[in-house]
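Here it is as structure tokens:
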């Protein structure tokens, strides 16, 4: 830089004369990237020190030639870009109708790049000028080009790759992506699947496209922290099948692959269907243009769109700050791959600690605790509350539950706040704020879910500051043609107010509702979703509405008998998943059970009962504690939203003493 | 005798069977069967079939959904003496389609509705107020190897 300046100063008078020529050239070329002016002094430098008057002509000539050279180069670049852009657009447009041969899409790109840069095979490195490999990467090419260009540049540089592999890298997946989907569902979880089913039921022949960044087809999450752990099958991590209490086996996948239409056949499917694009992430949403962009830069336009992106498990700050060795030994549990890796890890270590005392943490603790009897694995669970489910259950029940969890083989450390985590001597040391130290081999962090609102910015959608998630109205709509369902939706519940719910049944209910509204129903969220949890074979409960331990509660209990356990409940109704038992009640003959559940005996008789959560004298939440198949009554009470003077009278409706 | 205690803001009541024998005096609001917000059962108030009923599992939305809808609609609106006797073709079409997807629609004789609803629907379960017995006859009639499906008293209009 300095050299240039000093030279420039020396040649100031000459430079002034020549620079006007340069400026005119630059203007004509339409390029102002500063390269041309700097090439001028360089030319001067190489030609020797400034001389007398006769040299003026030489300099003028040199400058002129350099200017013309630069101008020619600029024109070629722009023309070449234009050609390549047009070829690329033509190629994109022709993709859906083309039979996919990987080499073919690459060919136009290669042809187009010939005038510009070194083509891999024929002319490696014999590039016209040394500058050329870099400019193509730098020159502002239309969006779709950039990737191919950068890729081509890399290929040119390496000059050893043959054509097919680069073609396989850059285009195959995009060749299969439909360019338009009447119904586009972002996210491939429970809510999305429920919506797809709803749409297909209501709009005959509908084509629904699900785009998910997971490699798996839609599956249900509850068994990942419950039934899959109780399976006797050693290959359960592969098959992902679990045996329900009634003896019937099923897969966690909602449907086998044959249910879905292949993305390539999406446009041509005769009676419509549901197609799933796996391992593709939607990174940008253009609400005005009704289209989305994937992480491989392909675009899909839609008529109606559902955002069902769920969330990502939260991590503890102390773990994130603790360094790589600790992070390597920490599991954030949510997906199939997390289940697989945790299952494997748990077989090879001596001690595992679960941080978090909510649903997921307690269920995993119980599941692992059960394994600990065979394997000798030490299972520790720690959380800041006083007892398990401390934010959900009233204190007396939370304490009771904690005792049950301990009986499942878990070392429970309550009122535990983690101060720091260190990796030392091949062990993880968890230092608590009150001074206690816990040494363990692996950590599972179950400290909540961060709703995924990545698309809010590009789509211009509102995010709720209280509950997180996309803010939608009572009909789950964010904007025209855009709905949100599942964990990511912060919606208005007509009865219970604005909320965001992270349960399986809510994903089903909201997904269904969104699907109905996407096909013209205009129905608000009205059918209240429920949730359930089992903590071992003795403690199971179903709940509905707002179940927050900070609310005043009224609990009505009876003494439990051996018949009042979750196992017995599902056996009786013949279904595996409890929320199913209401809708798909199928008459089956009594199922043989292995052993009768042990008689439930404890000092505090919280064997079975019903707990009401009250807000402003109205029941807003109900837990059915070891009392099953009575959810419709609970739902009705919440729906009515009445003030009841005596909740014992309301409890009578549940017949808790009966089976 | 019931007894109760108070732990802070939480009230706990223990009741015996006798305590709960007297009928409840809690009042519940009568349900409006035509409430548009409510989830409907299999048959809508206007007599049409609710294809989105959870009780159908995924029958109406799967690859053979349109054939199923045709067959079942024909049956539902059939006014013949032997209900659905004119719908043989639609049922045959449905069965042919289902045979192409053995994974989804397992073909077994004497099938109970439950295994079929389980494996075929594999559905995201959802709550619903649908009358459960309607589910039984549908899938079994769907998979009946041949002949007229059994009469379904529930769906008779």
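Residue numbers (my numbering), protein chains in the order written: chain A, 111 to 769; chain B, 11 to 167. Cβ atoms here follow ideal geometry from the backbone N, Cα and C, with glycine treated the same way. Only a predicted model underlies this, so the values are computations on that prediction, with no experimental measurement involved.
Distance cutoff 8 Å, beta carbons only. Does residue i sit that close to anything in chain A?
i             : result
residue 21/B  : yes
residue 83/B  : no
residue 55/B  : no
residue 111/B : yes
residue 59/B  : no
residue 40/B  : no
residue 106/B : no
residue 35/B  : yes
residue 151/B : Unreliable positioning characterises residue 151/B in this predicted model, as indicated by a pLDDT of 38, which lies under 50. The coordinate reading is nonetheless provided below. Answer no: the Cβ-Cβ gap between residue 151/B and chain A never drops below 8 Å.
residue 43/B  : no
residue 116/B : no
residue 13/B  : no
residue 51/B  : no
Quick one: does residue i have its CB under 8 Å from some CB of chain B?
i             : result
residue 776/A : Chain A is shown only over 111 to 769; residue 776/A falls outside these bounds and no answer can be derived.
residue 365/A : yes
residue 758/A : yes
residue 710/A : With a pLDDT of only 42 at residue 710/A, under the threshold of 50, the placement of this residue in the model should not be trusted; the figure read from the coordinates follows. Not closer than 8 Å to any Cβ of chain B, the Cβ of residue 710/A fails to qualify, so no.
residue 771/A : Past the boundaries of the shown model lies residue 771/A; chain A is included only from 111 to 769, so the question cannot be answered.
residue 521/A : no
residue 666/A : yes
residue 763/A : yes
residue 715/A : yes
residue 750/A : yes
residue 288/A : no
residue 637/A : yes
residue 369/A : yes
residue 500/A : no
How many angstroms separate the CA atom of residue i from the CA atom of residue j?
i             : j             : result
residue 114/B : residue 362/A : 14 Å
residue 503/A : residue 65/B  : 32 Å
residue 597/A : residue 559/A : 9 Å
residue 190/A : residue 181/A : 14 Å
residue 50/B  : residue 33/B  : 29 Å
residue 177/A : residue 168/A : 14 Å
residue 55/B  : residue 63/B  : 13 Å
residue 496/A : residue 511/A : 11 Å
residue 436/A : residue 424/A : 16 Å
residue 602/A : residue 364/A : 28 Å
residue 621/A : residue 401/A : 21 Å
residue 725/A : residue 656/A : 9 Å
residue 19/B  : residue 665/A : 11 Å
residue 629/A : residue 309/A : 6 Å
residue 567/A : residue 420/A : 17 Å
residue 73/A  : residue 575/A : Residue numbering for chain A in the displayed model covers 111 to 769; residue 73/A lies beyond these limits and cannot be assessed.
residue 636/A : residue 619/A : 9 Å
residue 456/A : residue 389/A : 27 Å
residue 624/A : residue 311/A : 13 Å
residue 184/A : residue 193/A : 14 Å
Using 8 Å for Cβ pairs, my map puts residue i next to residue j. What's the rounded Cβ distance?
i             : j             : result
residue 97/B  : residue 85/B  : 5 Å
residue 335/A : residue 501/A : At roughly 18 Å, the Cβ-Cβ gap does not stay under 8 Å, so residue 335/A and residue 501/A are not in contact.
residue 410/A : residue 287/A : 7 Å
residue 22/B  : residue 758/A : 11 Å between Cβ atoms; not a contact.
residue 634/A : residue 572/A : Not a contact, Cβ separation roughly 18 Å.
Report yes if the C-beta of residue i is less than 7 Å from at least one heavy atom of the ligand SAH; otherwise report no.
i             : result
residue 380/A : Absence of the ligand SAH from the depicted structure is noted, as is the absence of any ligand whatsoever, leaving it without description.
Pairing CB atoms from the stretch 430-439 of chain A with CB atoms from the stretch 530-543 of chain A, are three or more of them under 8 Å?
yes
Of all the residues that make up the stretch 290-310 of chain A, which are near chain B by a beta-carbon distance shorter than 9 Å?
300, 301, 303, 304, 306, 307, 308, 309 and 310
Between the stretch 377-388 of chain A and the stretch 508-527 of chain A, can you find at least three pairs of beta-carbon atoms closer than 8 Å?
no
Residues of the stretch 414-440 of chain A with a CB closer than 8 Å to any CB of chain B: list them in chain order, please.
none
Validate contact between the stretch 467-482 of chain A and the stretch 573-587 of chain A using beta carbons, cut 8 Å, 3 pairs
no
Going along the chain, which residues of the stretch 380-397 of chain A sit with their C-beta nearer than 7 Å to a C-beta in chain B?
381 and 383
If we count Cβ pairs, one from each stretch, closer than 8 Å, do we get three or more for the stretch 724-741 of chain A versus the stretch 650-669 of chain A?
yes
Are the stretch 629-646 of chain A and the stretch 599-617 of chain A in contact at 8 Å, needing three or more beta carbon pairs?
yes
Report yes or no: do three or more beta-carbon pairs, one from the stretch 487-499 of chain A and one from the stretch 435-449 of chain A, lie closer than 8 Å?
no
Using a beta-carbon distance cut-off of less than 9 Å, what residues from the stretch 73-98 of chain B approach chain A?
73, 74, 75, 76, 77 and 79
Flag this pair as touching only if the stretch 587-596 of chain A and the stretch 297-313 of chain A have three or more C-beta atom pairs under 8 Å; answer yes or no.
yes
Under 8 Å, with one C-beta from each stretch per pair, do the stretch 342-361 of chain A and the stretch 92-107 of chain B reach the 3-pair mark?
no
Decide yes or no for the touch test of the stretch 387-396 of chain A against the stretch 532-551 of chain A: beta carbon pairs closer than 8 Å, at least 3 of them.
no
Note down, in chain order, all residues in the stretch 467-493 of chain A with a beta-carbon under 8 Å from any beta-carbon belonging to chain B.
none
Inter-stretch contact at 8 Å, needing at least 3 Cβ pairs: the stretch 311-322 of chain A / the stretch 291-301 of chain A:
yes
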